[in-house]
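Here is the structure we will look at, set down as structure tokens.
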């Protein structure tokens, strides 16, 4: 049979049966000639297709350079399966008559039972309110909700001058802000702002509204970063009084300038600094909403688009400061989600703002014509750029189909990048460098914990599940150990406020759930020591009943402690007849009674020997992986409750940074 219609049939445009000879040629009594057409002409590719192929080739080379196999077929069906799995985990709706609350966080969903118990505990509080008890009632002040920023009934002409501190204290607060807060935010240009602060302190009645809002935000940041002792020594007033006063001043100043309609960059800087300061004092759901407002204002101002994409070019100085501002807003948005029980931001990739450069403030000036060459090594931006690098890397990684199959390789590659760009330049004697190294190692350990989470492995042999469980447990100990080390070092005192505001709830919950299941032994004893250190360094976990998440974690802690008590007859452990103070407080709160003063949040963590010496944080350390586990001798691991406690492992979750 012929492959194509014969020449005669093709010319006559009749159907050929492709026999040799064909029936049409036999009928017409002509010679049947086979038709052998030449190769088809290839359509000329468009410029867009050429650019697309060039990008694909480049991406393939990059993936191969990182050791990722691209020969396997990861077709559309795999992408659809992944999307369906995402939709299957689309959150939980808690509904009551006339009210509903949506929870889109694995951490909160895994604690639904404890959350329910914490609500039931309120009944005990009412029943026991009349009891006379040795536990003294303590005032339960509800956290602020920031509604004054959105629904203020005050006049825009209202004065806030009376809320400013004296000139000498303004300069002290400015210096505190420079030491404690600015290195972790870097959204203002200190060389430009400092002269304005000095001039304003001597003429406070005549400063502009945006500058006044920025000053109040700086005051708030400064006192939030100070301990009670510092506030009394420097300002002469209690810390809470100062936080309330300067927060009120910031809110009223932003209302006066018309925040929701303003496009002033200084006013927006004031809002962002204010949100950085009040994260731990505002109600989590309200704070999440306010971060969404900041995000919308940034979009309205075009901060989400890189200035290089605009026809009307901004100055290189303003463009660079806008980049710093956008990435800080992006972090605020994603960091605010987990405490509110929400998942990753819905913003998506509608922005293209580049990473800010590795510059000191002294490298930048308002009248500069072009940016200087970036530094190689450490600058004032080392902490911010390290956190931004995490976000950029995981966002890029999450776009590829190979991410889930090669997650551990991606994490190892990121560690090498961070070591080469930042960590090898860290000096442990410099507090900012020590914090940068601690955060980097903590995030990497968190991602390894997620990668080894046995729930991800499905049905695997018990030995393999146990190995993954041990590795995940070890990483949780390391992460909470970093937190303990930071709070146990006087040299890191200026950054305690940051660690308090970025507490890794899901890791702590994972650690508690593991301690609830594991048999007593040396490693579980270490885990319980870390739990005790955590409650000492974060007394807000046992403060009042206004935080649902804290209440749920307290209930989980008591369950884990109860299991520890039940197992003490079978295992050799320390004497548990006298429980630590935090257990007694949690038990009392669960019974509906308020605690006596003595375990209150003074922002003054207890100084003790840390789990990890702070000086070791800048040193390269072996990763906890399949081949290095200190828990291989664990006598027994029961069936973990992984179906209840899961990690929020979205690749763009920056809650830890």
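Numbering (the numbering used here), first residue to last: 1 to 657. Just so you know, even glycine gets a beta-carbon here, dropped at the ideal spot from N, CA and C. As the structure is a computational prediction, the values presented were derived from the model and not from experiment.
Task: Separation of residue 19 from residue 8, as counted between CA atoms - done: Looking at the two C-alpha atoms, the distance is approximately 13 Å.
Open item on the list: Looking at residue 213: is its Cβ nearer than 8 Å to the Cβ of residue 250?
Closed with: Yes; because the gap between Cβ atoms is below 8 Å, this pair is in contact.
Task: Cβ-based burial, residue 1 [other Cβ within 10 Å; buried from 16] - done: Under this definition residue 1 is an exposed residue.
Task: With 16 other Cβ atoms within 10 Å as the buried cut-off, status of residue 310 - done: Answer is exposed; the Cβ neighbour count stays below 16.
- [ ] Could you have a look at residue 359 and say whether DSSP puts it in helix, strand or coil?
- [x] Of the three classes helix, strand and coil, the one that applies to residue 359 here is coil, per DSSP.
Open item on the list: Is the beta carbon of residue 187 closer than 8 Å to that of residue 325?
Closed with: Residue 187 sits close to residue 325, with the two beta carbons spaced by under 8 Å.
TODO: Look at the Cβ atom of residue 255, then the Cβ atom of residue 220, and state whether they are nearer than 8 Å.
DONE: Cβ distance not < 8 Å, so residue 255 and residue 220 don't count as in contact.
TODO: Would you grab the beta carbon distance between residue 290 and residue 185 for me? Rounded to a whole angstrom, and I think it's under 8 Å.
DONE: The Cβ separation is near 17 Å, so there is no contact.
Task: residue 4, buried or exposed, once every other Cβ within 10 Å from all chains shown has been counted against 16 - done: Around the Cβ of residue 4, a 10 Å sphere holds fewer than 16 other Cβ atoms; the residue is exposed.
TODO: Kindly list the residues whose CB is nearer than 7 Å to the CB of residue 224, restricted to its own chain and excluding five residues on each side of it in sequence; keep chain order.
DONE: Closer than 7 Å at Cβ, skipping near neighbours: 243, 277 and 497.
TODO: Specify, as a first and last residue, the run of the alpha helix (DSSP H) that residue 21 falls within.
DONE: Segment: none, residue 21 is in no alpha helix (DSSP H) and carries neither H nor E.
- [ ] Identify, in the order they occur along the chain, each residue of the same chain with its Cβ nearer than 8 Å to the Cβ of residue 603, setting aside the five sequence neighbours on each side.
- [x] With a pLDDT of 44 at residue 603, under the threshold of 50, the modelled position of that residue is not reliable, and the figure given next carries that caveat. Answer for residue 603: 226, 227, 228, 239, 496, 497 and 500, listed in chain order.
Open item on the list: Rounding to the nearest angstrom, what Cα-Cα distance links residue 10 and residue 16 in this structure?
Closed with: In a straight line, the C-alpha of residue 10 is about 8 Å away from that of residue 16.
Task: residue 13, buried or exposed, once every other Cβ within 10 Å from all chains shown has been counted against 16 - done: Per the 10 Å Cβ criterion, exposed.
Task: Close beta carbons around residue 196, own chain, < 7 Å, minus the five adjacent residues each side - done: Same-chain partners within the cutoff: 211.
- [ ] Find the nearest neighbour of residue 321 within the set 151, 558, 268 and 189, judged by alpha-carbon distance.
- [x] For residue 321, the nearest C-alpha among the options comes from 189.
TODO: Quick one: grab the DSSP three-state call for residue 599.
DONE: Any answer about residue 599 is weak, because its pLDDT of 47 lies below 50 and its placement is not dependable; what the coordinates show is given next. Residue 599: coil per DSSP, three-state reduction.
Task: Exposure of residue 480, with buried meaning 16 or more beta-carbon neighbours within 10 Å - done: By the neighbour-count rule (16 or more Cβ atoms within 10 Å), residue 480 is buried.
TODO: State the Cα-Cα distance for the pair residue 6 and residue 32, rounded to the nearest angstrom.
DONE: Distance between the alpha carbons of residue 6 and residue 32: 7 Å.
TODO: Compute the Euclidean distance between the alpha carbons of residue 521 and residue 513, then round it to the nearest angstrom.
DONE: Spanning the two alpha carbons is a distance of roughly 16 Å.
Open item on the list: Check whether the stretch 298-309 and the stretch 469-484 touch, using three or more Cβ-Cβ pairs below 8 Å as the test.
Closed with: They do not touch, by the three-pair rule.
TODO: Identify the continuous alpha helix (DSSP H) that holds residue 492 and give its terminal residues.
DONE: No residue range can be given for residue 492, since it is assigned to no alpha helix (DSSP H) and is classified by DSSP as neither H nor E.
- [ ] Determine the DSSP secondary structure at residue 174, reduced to helix, strand or coil.
- [x] It is helical.
- [ ] State yes or no: is the C-beta of residue 376 within less than 8 Å of the C-beta of residue 436?
- [x] Contact flag unset, no.
- [ ] Indicate whether residue 272 and residue 328 have their beta-carbon atoms separated by less than 8 Å.
- [x] Yes, the Cβ-Cβ distance between residue 272 and residue 328 is below 8 Å.
Task: Cβ-Cβ separation, residue 165 to residue 173 (assumed contact under 8 Å), whole Å - done: Sure, about 7 Å apart at Cβ, within 8 Å.
TODO: Decide if residue 26 is buried, meaning its Cβ has at least 16 other Cβ atoms within 10 Å, or exposed.
DONE: The residue in question, residue 26, is exposed, as its Cβ has fewer than 16 Cβ neighbours within 10 Å.
- [ ] Could you tell me whether the Cβ atoms of residue 542 and residue 586 are closer together than 8 Å?
- [x] A Cβ-Cβ contact shorter than 8 Å links residue 542 with residue 586.
Task: Integer Cβ distance of residue 477 from residue 526, believed to fall under 8 Å - done: The beta-carbon separation of residue 477 and residue 526, rounded to 6 Å, stays under the 8 Å limit for a contact.
Open item on the list: According to DSSP, simplified to helix, strand and coil, what is residue 353?
Closed with: DSSP places residue 353 in coil when its eight states are reduced to three.
Open item on the list: Just to confirm, is the Cβ distance from residue 730 to residue 407 under 8 Å?
Closed with: No statement about residue 730 is possible, as the shown extent of the chain runs from 1 to 657 and does not include it.
Task: Candidates 337, 241, 591 and 317, of which the one nearest residue 502 by Cα - done: Residue 502 has its Cα closest to that of 337, out of 337, 241, 591 and 317.
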